[in-house]
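Engineer:
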Amino acid sequence: MRFFESFTQANSDTSRKYGGTGLGLSISRQLVELQDGKIGLESKPGVGTRFYFQIPYAVTNHTHHSEIASPSGHVSEGLKGISILLVEDNDFNKIVAEDTLQEYIGDIKIDHAYNGVIALEKVRDNTYDLILMDIQMPEMDGYEATGLIRQMEGSKGNIPIIAMTANATPEEIKKCFESGVNAYVSKPFVPEDLISEMTRVLKGKKIT
Numbered sequence: 047m048r049f050f051e052s053f054t055q056a057n058s059d060t061s062r063k064y065g066g067t068g069l070g071l072s073i074s075r076q077l078v079e080l081q082d083g084k085i086g087l088e089s090k091p092g093v094g095t096r097f098y099f100q101i102p103y104a105v106t107n108h109t110h111h112s113e114i115a116s117p118s119g120h121v122s123e124g125l126k127g128i129s130i131l132l133v134e135d136n137d138f139n140k141i142v143a144e145d146t147l148q149e150y151i152g153d154i155k156i157d158h159a160y161n162g163v164i165a166l167e168k169v170r171d172n173t174y175d176l177i178l179m180d181i182q183m184p185e186m187d188g189y190e191a192t193g194l195i196r197q198m199e200g201s202k203g204n205i206p207i208i209a210m211t212a213n214a215t216p217e218e219i220k221k222c223f224e225s226g227v228n229a230y231v232s233k234p235f236v237p238e239d240l241i242s243e244m245t246r247v248l249k250g251k252k253i254t
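Positions in the sequence shown are counted from 1; adding 46 to them yields our numbering.
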């Protein structure tokens, strides 16, 4: 079904205005199929569209409680008490990132901006230890926002920035570093990878 194939916006203005990379449904299909599941949709003009998926799971006779594995103590301890700006236009991705940071670090202050324009305003008016920057956003993308932050005077221009991108191609990664980021994490991200990169950039280390 073509709805679940990746695509590129025909007009770049569409991507700037509404955001999105054209990969969401394609990634969803891949995740479902990796678990031997099926995904589909039902749509009626003027009514709406319903997406659904089915994933087979074995039934167990006992309850097993599991917890997210925490990174080593010294990693999360070094991040306690920091203040970060999460720049993300997707509400679901925002919730996932916030829940992960709270789960792994606990004592952390998280501010939020929906796009690069709002992010610039918040950076000018507040002090942050770290910025998690989405790349594909409406109004102003992560590349432009990062470049403008790097032009700010004093410590604000040197705030560590981690790019969070779903298009982790060599070209995209290169463009991220050229804009001025310190590191990048692919989405959907592995929690341990995000925590590790946050720890590393706050210690002044960059990817080579």
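The beta carbon of each residue, even a glycine, is placed where N, CA and C say it ideally should be.
For Thr211, which residues does DSSP report across the bridge?
Structural biologist: Looking at the DSSP output, Thr211 sits in a beta bridge with Ser232.
Engineer: Measuring CB atoms only, is the stretch 200–215 touching the stretch 174–181, in the sense that at least three cross pairs come out at less than 8 Å?
Structural biologist: yes
Engineer: Per the DSSP calculation, Glu88 is bridged to which residue(s)?
Structural biologist: Arg96
Engineer: Under a Cβ-count criterion, where at least 16 other Cβ atoms within 10 Å of its own Cβ denotes burial, should His110 be classed as buried or exposed?
Structural biologist: Low confidence applies here, because His110 scores a pLDDT of 45, under 50, leaving its location unreliable; read the following figure in that light. Classification for His110: exposed.
Engineer: Please classify Glu88: is it buried, with 16 or more other beta-carbons within 10 angstroms of its beta-carbon, or exposed?
Structural biologist: exposed
Engineer: Do you know offhand how far Gly70's Cα is from Leu125's?
Structural biologist: 31 Å
Engineer: Identify every run of the beta strand (DSSP E) within the stretch 150–194, keeping only runs that are complete inside it and at least 3 residues long; order them along the chain.
Structural biologist: The qualifying runs are 155–159, 176–180.
Engineer: Please tell me whether Pro234 and Thr146 are closer than 7 Å, where the distance is taken between their beta carbons.
Structural biologist: no
Engineer: From the DSSP output, in three-state form, read off Val227 for me.
Structural biologist: Three-state result, Val227: coil.
Engineer: Skipping 5 residues on each side, what residues in its chain have a beta carbon closer than 7 Å to that of Asp239?
Structural biologist: Val231
Engineer: Reducing DSSP to helix, strand and coil, say where Ile205 ends up.
Structural biologist: Coil, per DSSP.
Engineer: Just curious, the alpha helix (DSSP H) that Val287 is in, first and last residue?
Structural biologist: With the chain running from 47 to 254 in the structure shown, residue 287 is simply not present.
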